[in-house]
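See structure below.
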Amino acid sequence: MNGSSTFNWNEGLEGPHFNIANINHTPIRVMAGPGTGKTFALMRRVARLLQQGIDPSRILVCTFTRTAARDLAKELAGLGIDGVESVKAGTLHSLCFSILSQNATFNYTGRSPRPLLDFELRFLLQDLENRVYGRYRNRVERLNAFNSAWARLQNEEPGWPNDAIDRSFHIDLIAWLKFHGCMLIGELIPETLRFLLNNPYSSLLYKYDHVLVDEYQDLNKAEQKLLDLLSNSRNLLIIGDEDQSIYSFKYAHPEGISTFNHTHPGTHDESLFDCRRCPKKIVSVANHLIANNTNRMRQVLNPYVSNAEGEIYITQWNDIQEEADGIASFITESINSSQVAPGRVLVLSPRRQIGYEIKNALTNSGVQSHSFFHEEALQGNPRIIEDSLMQQSFTLLNILVNQNDIVSLRCWCGFGNNSLCRPGWKQIRIKSETTGETPWNVLTRLSNEQDYLPYTSNIIERFNTLNEELNSLRRLRGRELLEALFPSPHDYEVLFRNIVSQIDNEDYDASELRDALRIGITQPELPTDVDYVRIMSLHKSKGLSADLVVVAGCVEGLIPFIKGSTVIERDRLLEEQRRLFYVSITRTRKILLLSSFSWIKRDVAHQIGTRISGGNRDYGRTISSRFLNELGLP
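If you're matching positions, the sequence shown starts at 5 in the working numbering and goes up one per residue.
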């Protein structure tokens, strides 16, 4: 909702392109392109329902991110309508957590709501290594399918897996999660769906008279099914755009919104395609780009008559460093000439290594910037020293708060080992499950040589180091504790400082620090009202806008990034990557800079996945993204 205009709910919903004021008891689909005011339309619908006397507590509005939920709550409060604060607005995951907690589902099922973080998934997947489950990548795909309730395709129904290998994986996965006392963040949706399907008399199925959903194209089949249940498939309004569907890795497909009318008979359709945000040139190149996707409804974004033409620059630099310096120079000049303010500049990069170089170059130019790649160190490459140190420090904090945090013990014991100490941890798990002892007690007995288990020598050494670290941290609080765990200077320091600054108590203890960091990292909010340049991934830019948008690293292998074992898989991913680029270029209100580089160090290319050819022993050549040729520019 960044940059939204003042809201006047008395305008109602009538208008030449949007007239659903009196439509009830039927599903409504609003197809809305980027910058066309879909959030404003959503707000108008809420206002009209309240004006009609609908009980605010019986209206549910679902957003895709916490940032959108926060902004939506602020906008709702600004309506000035009695009882508006009772409208339920938030993310689908937060709603599911609330449902499961209120109904004691965790206790009944023997599950713990302790979330499994991205970097911790590596240990789970290593422990589930099995010839039948395939290679690591195959296990990742099965895990994503599990989170979508095994509905990989839009035409599949969420539920128990049909494939025998999937069923075996499901059973082993649940056993691992139960033993380690945790659950997957994505698991909240299937668990809630299962609860509602198994409890058809639950009052939750009749709690809401109207359900409104933003960014519907980003929801997978399980999430869609859940919303159907909560709305009884009648008073359901969805808003989205198939051309902005960019989350296929969690099995969200554009068909979810494009075929909505087939699965919801009687659907009333509206469309919003007058782009108020983007300059006319941006609208033109966006239309040229997305027209290359064949599997779409072929709707066209319309330029807003009073908007400026806009500016588009396409540049290529010698290498990543030169690109970073060039981009920093362009931004600095734009700021100094008063064309843009720092807080209205958005730099998008397909890899954080490129983003970090741009941040450093901006710093050298005297321009303040913040990178929002920091949380990726908690899901990043453990072979990168900074990532590994951050992961270990966060794990140490978890154990400092709770020595029986079994997930953190598992991770600590495996850090620095190629096999992540899988054989040894398997022995500890068997011992714990057989005797009823906690893993901590098993490790203590092994450390004191009161017991012996094969393959555990490295684990015992790590456990002894753990106790030394804990002894040095137990007396620390507040900033002293933060500095001891995460010493400066590191790229993730700014992220942590921002998160910690929101803790009311400056003398916070380890538990308060852990909770703040866990929420801030797993459910990040991207600030919209800032006075610095924001640097982030293309995916994170969804929902944001800026006067100057820079897309760096526009080279093959990064933009687009394509993988897949079949032609069909690669074609689908190519179309999604094109949609991602479409989303990125339509963030701008004035100026767009598309940048690439022609040379890259071979080791860096291997690390970040850039395609190279020719060159010499140290450097390889890149080529600019094919998407640049699809923009329709002369």
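Just so you know, even glycine gets a beta-carbon here, dropped at the ideal spot from N, CA and C.
Euclidean distance between Cα positions of residue i and residue j
i    : j    : result
P204 : S310 : 52 Å
S4   : D213 : Residue 4 cannot be examined here, being either before or after the span of the chain that is shown, 5 to 638.
R302 : A295 : 7 Å
V554 : R583 : 17 Å
K668 : A179 : Beyond the ends of the chain as shown, which are 5 and 638, falls residue 668; an answer cannot be given.
K4   : Q454 : No information on residue 4 is available, as it lies outside the stretch 5 to 638 that the chain covers here.
H326 : E510 : It is Glu, not His, that sits at residue 326 in the sequence shown. For E326 and E510, the distance between alpha carbons rounds to 42 Å.
S423 : P458 : 15 Å
E465 : K363 : 39 Å
A25  : Q55  : Only weak support exists for where A25 lies, its pLDDT of 49 falling under 50; the coordinates are left without a value.
L1   : G613 : With the chain represented from 5 up to 638, any question about residue 1 goes unanswered, as that position is not in the structure.
W603 : K225 : 42 Å
P427 : R574 : 36 Å
D622 : H610 : 12 Å
L129 : P307 : 48 Å
D218 : D245 : 10 Å
C66  : E89  : 15 Å
D607 : K78  : 47 Å
F121 : L188 : For clarity, residue 121 is Leu in the given sequence; the question names Phe instead. One C-alpha to the other measures close to 8 Å.
R156 : G163 : 11 Å
D533 : T71  : 12 Å
P20  : P60  : Because P20 carries a pLDDT of 37, less than 50, the predicted location of this residue cannot be relied on, and no value is offered for it.
Contact check, residue i vs residue j, beta carbons under 8 Å
i    : j    : result
G359 : V351 : yes
R115 : F264 : no
R238 : P38  : no
A328 : A365 : yes
A81  : L276 : no
G314 : K594 : yes
S369 : T336 : yes
V136 : I175 : no
R414 : F123 : no
S549 : R576 : no
R518 : L401 : yes
T40  : T69  : no
L231 : L240 : yes
C186 : R143 : no
L521 : F398 : yes
K42  : I243 : yes
Q221 : V587 : no
L635 : H292 : yes
S353 : G619 : no
E560 : S629 : yes
Bridge partner(s) assigned by DSSP for residue i
i    : result
C279 : P307
Y623 : K605
D273 : R33
I563 : Answer by DSSP bridge pairing: none, since I563 is not bridged.
S3   : Since the displayed the chain opens at 5 and closes at 638, residue 3 lies outside it and no answer follows.
M187 : P119
Boundaries (first-last residue) of the alpha helix (DSSP H) holding residue i
i    : result
S333 : 324-340
D167 : From DSSP, D167 is part of no alpha helix (DSSP H); its letter is neither H nor E.
V144 : 140-151
L366 : 356-368
R62  : It is not in any alpha helix (DSSP H) - R62 carries neither H nor E in the DSSP assignment.
L552 : L552 -> not in any alpha helix (DSSP H); beta strand (DSSP E) instead, spanning 550-555.
V371 : Looking at the DSSP string, V371 is not in any alpha helix (DSSP H), and its letter there is neither H nor E.
L192 : 192-202
L450 : 443-451
L240 : L240 -> not in any alpha helix (DSSP H); beta strand (DSSP E) instead, spanning 240-244.
K254 : That residue, K254, is in no alpha helix (DSSP H); it is neither H nor E in DSSP.
Delimiting residues of the beta strand (DSSP E) encompassing residue i
i    : result
E227 : It is not in any beta strand (DSSP E) - E227 instead sits in the alpha helix (DSSP H) that spans 225-235.
W321 : 315-321
V344 : Run containing V344: none; DSSP gives neither H nor E here.
K92  : 92-95
R538 : 537-540
V217 : 214-217
Residues near residue i by beta carbon distance below 7 Å, same chain, minus five either side
i    : result
F467 : C417, L447, S451
N107 : F199
Q228 : G260
Y536 : P346, G347, Q372, S373, H374
A73  : T67, A93, G94, T95
Close beta carbons around residue i, own chain, < 8 Å, minus the five adjacent residues each side
i   : result
L53 : I63, H214
Close Cβ partners of residue i (< 6 Å) along its chain, the five nearest in sequence each way excluded
i    : result
M5   : Because M5 sits at a pLDDT of 36, beneath the cut-off of 50, its placement in the model cannot be relied upon, and the point is left open.
L489 : S397, L401
H257 : Q158
Neighbour flag for residue i against chain B, beta carbons, 8 Å
i    : result
A108 : The chain labelled as chain B is not found in the depicted structure, where only one protein chain is given.
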